[in-house]
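For reference, the structure is listed below as structure tokens.
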Amino acid sequence: PRRACAREVGAMCGRARATLSAARVVSTSGTCNWVHREQYTGNNYNASPGSMFPVLRLSDPSRDEPPDTRVVESMTWGLVPSFTSADSKPDYFRMFNARGETLSQKPAFKRLLRRKRCVALLQGFYEWKKEGPPGSEVKQPYYVFIANDTPDARANSHGNTTTDGTRDTETNETADDQPLRCAALYDVWARTDADGKTVSNHVTFTVVTVPSSEKIKWLHDRMPAVLRDDAEVSQWLGEDTEDTDDGRQMEGGLKEEDGGLIAHTERTVLTEDKRLQNLLRPFDGANLSWHPVTTAINSLKSKLNGLECSLIATRAVETNTGNIAGLFAKAKPKDASETFSSKKETTHPPGTKKNDGF
């Protein structure tokens with residue numbers, strides 16, 4: 124079975140922070156309407172597919188919701204298509220990401236692109252980079268986030284440290300980082316509950332990904348499609364779209380004799396696809412930040428999900444180098460004339476040196 128860090132082409136590593144407070148969710152989403160609020164805990168610093176996140180969508184009249192309003196819903200990360208049989212065991216790792224470049228080409232996503240776009244709200248995400256010499260490489264995790272655009276936030280971003288060699292604890296707290304508003308798609312799956320009789324709706328989502336920005340290409344080749352502001356959120360959701368009905372008519376299947384309406388609808392859909400694609404681009408803001416974190420999160424079996432997951436940590440290769448140097452320092456020379464010298468070589472990825480800015 125697939126796991127969160129499977130290196131598939133187009134996938135980002137499947138871990139993120141689901142730690143936004145209820146107040147931040149409301150202020151970021153622009154609505155107090157929240158479906159299944161009780162299912163979101165807001166304290167998972169190491170969330171993987173199968174975890175719950177707050178997700179913003181437009182209301183669905185078929186679910187007895189008033190039309191044209193914003194709704195936050197607690198959804199499970201990892202898309203399970205609606206056509207999945209009711210008694211199937213869900214595989215949340217199968218479609219937790221969707222490549223932005225091919226959304227309109229993949230059947231599982233194309234149908235959702237028209238009517239089920241949403242915005243996943245998260246605090247940040249994790250990526251892994253192999254570091255160290257061949258044969259003893261270590262998968263080093265990094266936490267990627269958007270720091271508030273203030274002098275204090277910038278001073279503590281990009282892996283910079285304070286004078287005592289540690290990152291200011293406040294910069295790791297929810298209040299000092301900007302929420303990531305990620306383009307996403309969702310679906311509603313009618314599944315059989317544990318009793319084997321009751322069928323209930325299970326709502327899941329996938330995060331849309333794009334090529335990484337220049338700043339973090341060294342870390343991974345993909346990143347979430349981050350929406351810059353509320354105007355882009357509105358465009359992705361389709362709040363400003365007047366041609367939704369045409370798109371739905373086309374999905375329902377217009378006949379050839381409808382002539383001009385077909386041509387108009389096809390043009391409308393093509394224009395809409397282009398407009399959406401323009402929103403799916405790498406985020407390269409000056410406050411895009413990262414730092415190394417503990418390798419204890421590498422295995423999902425650790426079940427580590429507290430604040431310690433996203434705190435800045437010494438890179439494993441640096442720790443290992445120090446340990447080896449210490450062993451040599453303690454070793455007694457075989458001969459009085461023998462001396463030992465060692466030059467510590469450390470490769471620092473961008474953003475891990477003090478004062479390494481943009």
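Throughout the sequence shown, residue numbering follows the working numbering, covering 124 to 481 in sequence.
Beta carbons: idealized from backbone N, C-alpha and C, even for Gly.
Opening and closing residue of the beta strand (DSSP E) in which residue i lies
| i | result |
| --- | --- |
| Lys-253 | 247-254 |
| Leu-224 | Note that residue 224 is Glu in the sequence shown here, rather than Leu. Note, Glu-224: premise wrong, no beta strand (DSSP E); not H, not E. |
| Thr-332 | 322-334 |
| Val-349 | First-last for Val-349: undefined, no H or E at that position. |
| Ala-69 | Past the edges of the chain, shown from 124 to 481, lies residue 69, and the structure says nothing about it. |
| Tyr-266 | 261-270 |
| His-414 | 411-415 |
| Asn-167 | 167-170 |
| Ser-197 | 193-200 |
| Tyr-309 | 303-315 |
| Val-178 | 175-181 |
First and last residue of the uninterrupted alpha helix (DSSP H) at residue i
| i | result |
| --- | --- |
| Phe-232 | 230-238 |
| Ala-145 | 145-152 |
Cβ shell of residue i (< 8 Å), same chain only, five flanking positions each side left out
| i | result |
| --- | --- |
| Asp-353 | Gly-153 |
| Asp-484 | Residue 484 cannot be examined here, being either before or after the span of the chain that is shown, 124 to 481. |
| Asn-401 | none |
| Cys-155 | Val-149 |
| Val-261 | Lys-253, Glu-254, Gly-255, Thr-418, Ala-439, Val-440 and Asn-443 |
| His-325 | Thr-199, Val-203, Pro-213, Val-311, Trp-312, Ala-313 and Arg-314 |
| Val-360 | Inspection of the sequence shows that residue 360 is occupied by Leu rather than by Val. Correct list, in chain order: Leu-179, Arg-180, Leu-181, Arg-193, Arg-240, Cys-241 and Val-242. |
Cβ separation of residue i and residue j, assumed to be a contact under 8 Å, to the nearest whole Å
| i | j | result |
| --- | --- | --- |
| Cys-241 | Leu-179 | 6 Å |
| Phe-219 | Pro-177 | Rounded, the Cβ-Cβ distance is 16 Å, inconsistent with contact. |
| Leu-202 | Ala-306 | At roughly 14 Å, the Cβ-Cβ gap does not stay under 8 Å, so Leu-202 and Ala-306 are not in contact. |
| Leu-236 | Leu-308 | 7 Å |
| Thr-332 | Gly-223 | 6 Å |
| Arg-140 | Leu-245 | 6 Å |
| Gln-358 | Arg-398 | 7 Å |
| Ser-197 | Met-175 | 5 Å |
Cβ-based burial, residue i [other Cβ within 10 Å; buried from 16]
| i | result |
| --- | --- |
| Glu-250 | buried |
| Ser-211 | exposed |
| Cys-432 | buried |
| Thr-142 | buried |
| Asp-316 | exposed |
| Pro-415 | buried |
| Val-440 | buried |
| Arg-186 | exposed |
| Gln-162 | exposed |
| Val-322 | exposed |
| Asn-167 | buried |
| Ala-209 | exposed |
| Pro-189 | exposed |
| Glu-461 | Any answer about Glu-461 is weak, because its pLDDT of 38 lies below 50 and its placement is not dependable; what the coordinates show is given next. Exposed: under 16 other Cβ atoms inside 10 Å. |
| Gly-137 | buried |
| Thr-199 | buried |
| Pro-405 | buried |
Residues near residue i in its chain [Cβ-Cβ closer than 7 Å; skip 5 each side]
| i | result |
| --- | --- |
| Pro-257 | none |
| Ser-205 | Asp-310, Val-311 and Trp-312 |
| Lys-252 | Gln-263, Tyr-265, Leu-342 and Pro-472 |
| Lys-239 | Leu-308, Tyr-309 and Asp-310 |
| Thr-207 | Trp-312 |
| Arg-193 | Ser-152, Gly-153, Thr-154, Asn-156, Leu-179 and Leu-181 |
| Asp-213 | Looking at the sequence provided, one finds Pro at residue 213 rather than Asp. Correct list, in chain order: Val-203. |
| Ser-227 | Lys-233, Leu-236 and Asp-396 |
| Gly-429 | Tyr-168 |
| Ala-436 | Pro-415, Val-416 and Thr-417 |
| Glu-355 | Leu-402 |
| Asp-407 | Ser-336, Glu-337 and Lys-338 |
Proximal residues to residue i (C-beta, below 6 Å), its chain only, five neighbours per side dropped
| i | result |
| --- | --- |
| Trp-157 | Val-195 |
| Ile-420 | Asn-169, Pro-264, Leu-427 and Cys-432 |
| Asp-344 | Ser-335 |
| Arg-371 | At Arg-371 the pLDDT is 41, less than 50, meaning the model places this residue with poor confidence and gives no usable figure here. |
| Phe-268 | Gly-247, Asp-300 and Ser-412 |
| Val-330 | Asn-220, Ala-243, Cys-305, Ala-307 and Pro-347 |
| Arg-438 | Gln-263 and Pro-415 |
| Ser-425 | Ala-419 |
With three or more C-beta pairs closer than 8 Å as the rule, is the region 408-426 touching the region 333-340? yes
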